[in-house]
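**Q**
Number of protein chains: 2
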Amino acid sequence: MSADKKQHIINTAIALFAEKGFEGTSVRDLATRADVNLAMINYYFGSKEGLFQQLVEDKISFMRERIAELNDDKQLTELEKVDIIIESYVERFLDQPEFHRVLQQEMLFTNREVLHDKAIDSFIQNTKNFNNIIEKGIKKKVFKKVDPPLVFASIIGTINQVLKSRKVCNTFTGKGDNYNPYKDEQFKKRLVTHIKQMIHSHLLIQS
Amino acid sequence: MSADKKQHIINTAIALFAEKGFEGTSVRDLATRADVNLAMINYYFGSKEGLFQQLVEDKISFMRERIAELNDDKQLTELEKVDIIIESYVERFLDQPEFHRVLQQEMLFTNREVLHDKAIDSFIQNTKNFNNIIEKGIKKKVFKKVDPPLVFASIIGTINQVLKSRKVCNTFTGKGDNYNPYKDEQFKKRLVTHIKQMIHSHLLIQS
DNA sequence: TTGATTTAAACAAACGTTTAATTAAATTTT
DNA sequence: AAAATTTAATTAAACGTTTGTTTAAATCAA
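So the protein sequences, as listed, match chains Y and E. For the first sequence, this note's numbering begins at 1 and goes up steadily by one. For the second sequence, this note's numbering begins at 208 and goes up steadily by one.
#1: Answer with yes or no whether the minimum CB distance from M270(E) to chain Y is below 7 Å.
#2: Taking the alpha carbon of D302(E) as the reference point, which residue from I366(E), L322(E), D280(E) has its own alpha carbon closest?
#3: So K343(E) packs on E285(E), CB below 8 Å; how close in whole Å?
#4: Would DSSP call F99(Y) helix, strand or coil?
#5: Determine which residues share a DSSP beta bridge with L411(E) and list them.
#6: Provide the residue span of the alpha helix (DSSP H) that contains V369(E), from first to last.
#7: If you drop the 5 nearest sequence neighbours on each side, which residues of the same chain put their C-beta closer than 7 Å to that of K352(E)?
#8: Does the ligand SAH have a heavy atom nearer than 6 Å to the CB of K266(E)?
#9: Using a Cβ cut-off of 7 Å (strictly closer), state whether Q105(Y) contacts chain E.
#10: Would you list, in chain order, the members of the region 118–151 of chain Y that have their beta-carbon closer than 8 Å to a beta-carbon of chain E?
#11: Taking all protein chains shown into account, decide if D72(Y) is buried (16 or more other Cβ within 10 angstroms of its Cβ) or exposed.
#12: Residues in the region 83–117 of chain Y with C-beta within 8 Å of chain E's C-beta atoms, listed in sequence order?
#13: When burial is assigned at 16 or more other CB atoms within 10 Å of the CB, is Y43(Y) buried or exposed?
#14: Nearest by alpha-carbon distance to E233(E): which of E23(Y), R28(Y), V27(Y) is it?
#15: Look at the alpha carbon of G174(Y) and the alpha carbon of E65(Y), and state the distance between them as a whole number of angstroms.
#16: Under 7 Å, Cβ to Cβ, is there at least one residue of chain Y near K255(E)?
#17: To the nearest angstrom, how far is it from the Cα of K118(Y) to the Cα of S88(Y)?
#18: Taking the alpha helix (DSSP H) that N71(Y) falls in, what are its first and last residues?
#19: For A34(Y), would you say it is in contact with chain E, using Cβ-to-Cβ distances shorter than 7 Å as the test?
#20: What whole-angstrom Cβ distance do I267(E) and S329(E) have, given they're in contact under 8 Å?
#21: Give me the Cβ distance between V102(Y) and I14(Y), rounded to the nearest whole Å; I'm assuming they're in contact under 8 Å.
#22: Starting from Y44(Y) and walking both ways along the alpha helix (DSSP H), at which residues does that stretch end?
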């Protein structure tokens with residue numbers, strides 16, 4: 001019935017999990033913050049972990065589809081595809097920083113195996129599609145013979161490193177702790193420019 | 208008295224925190240695994256969080272000193288210094304993957320503010336020293352006009368991304384989940400080579 | 001004998017979850 | 001269309017565990 005109410009709980013959970021982690025967030029915290037009755041969470045999601053699984057499943061599909069369809073595209077050059085991936089990832093992360101932080105957490109923790117595997121699987125899928133693009137570029141002799149999965153790791157790793165937390169972001173923006181860096185277009189441009197320049201010089205054969 | 212017993216508890220805690228996180232690890236877990244009495248942990252460290260703080264303080268200093276002394280070095284070229292930093296970081300991470308994972312966690316979480324700040328501070332210090340090296344190289348016109356703190360973020364971010372968990376590592380090694388990638392010299396060489404090549408082509412002015 | 005270490009037991013608080021009662025909505029029957 | 005009935009949503013209270021921490025007694029070393 002109330003799909004939007006479920007979504008509201010999920011969104012609140014993302015914000016809390018991103019800040020305090022899954023174990024660090026109590027169901028009571030969540031209920032209070034989402035302004036719903038405590039029992040509703042188990043009523044909707046079965047359990048706290050059930051909520052977490054649904055949360056991840058809900059949000060994880062987005063990037064996979066984006067990269068997969070880029071991989072299939074016949075119009076764009078490989079370099080253009082790489083650039084789009086870089087732009088999309090930064091855009092997406094700045095748009096949903098909390099969720100990506102939750103994903104990062106789950107890649108670090110190995111105790112909730114199902115979710116750990118799910119997070120890794122998403123990363124593997126994206127890596128594979130990215131690899132295809134890079135290898136086509138190598139065959140066409142526009143790219144150097146690089147290590148494709150590590151190139152992808154560098155792109156994602158750079159973004160993850162810079163956007164670890166609001167405070168970390170603001171060590172780059174130079175602004176105070178209360179500044180919101182996620183809506184700073186200049187910051188976004190700076191990050192995209194750096195990654196593109198780095199990856200370009202790494203990939204492209206000088207002519 | 209038993210400084211090695213304290214150290215034993217700390218080491219056990221690192222392993223557990225890396226796997227399940229701080230909140231996900233109970234003091235009883237820890238006591239059982241370290242084979243000490245439950246009450247000893249509060250007796251030694253005052254509280255669970257006290258243990259965590261001491262743990263971080265104990266281990267965090269290492270890299271800071273390493274980069275700071277490199278910054279002061281007069282013999283090596285800037286490029287050599289960058290290479291040493293890359294090698295040292297990979298080496299260090301492969302040697303102590305659990306601790307670095309705990310540090311990554313703490314950079315993600317914002318609820319334990321003291322520790323969050325401590326982890327960020329360590330990152331900032333290292334960034335500053337790295338920046339100095341890069342800027343010297345830019346002045347000497349051996350490096351391009353790059354974005355120094357983001358270059359550092361790319362180095363650390365790549366390492367963090369690849370070494371997020373054992374399973375993630377083994378998506379790169381291609382080995383099964385039980386394989387220990389941290390002692391794989393080939394894997395280490397591959398990672399170092401990729402980062403060096405990427406950073407070199409990004410930094411160096413073609414002659 | 002003194003002070004530090006170690007122990008098992010107990011503490012209150014917080015945890016995720018369940019229950020049983022109540023209200024709201026939807027469906028069926030009249 | 002109204003009433004009756006069934007299903008779904010919501011609630012406050014309670015459940016049994018587990019949590020971090022403390023206590024007070026016991027053991028050890030100096």
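Ideal Cβ positions, reconstructed from N, Cα and C, are used throughout, including at glycine. On a predicted model such as this, the values are computed, not experimentally measured, just so you know.
**A** Short version:
#1: no
#2: I366(E)
#3: 5 Å
#4: helix
#5: F350(E)
#6: 355–369
#7: I345
#8: As presented, the structure is devoid of all ligands, the ligand SAH included, so that no description of it is given.
#9: yes
#10: I120, F123, I124, T127, V146, D147, P149, L150, V151
#11: exposed
#12: R101, Q104, Q105, M107, L108, F109, T110, N111, H116, D117
#13: exposed
#14: Reading the sequence as shown, one finds Ser at residue 233(E) and not Glu. The option with the nearest alpha carbon to S233(E) is E23(Y).
#15: 35 Å
#16: no
#17: 21 Å
#18: 48–72
#19: no
#20: 5 Å
#21: 6 Å
#22: 38–45
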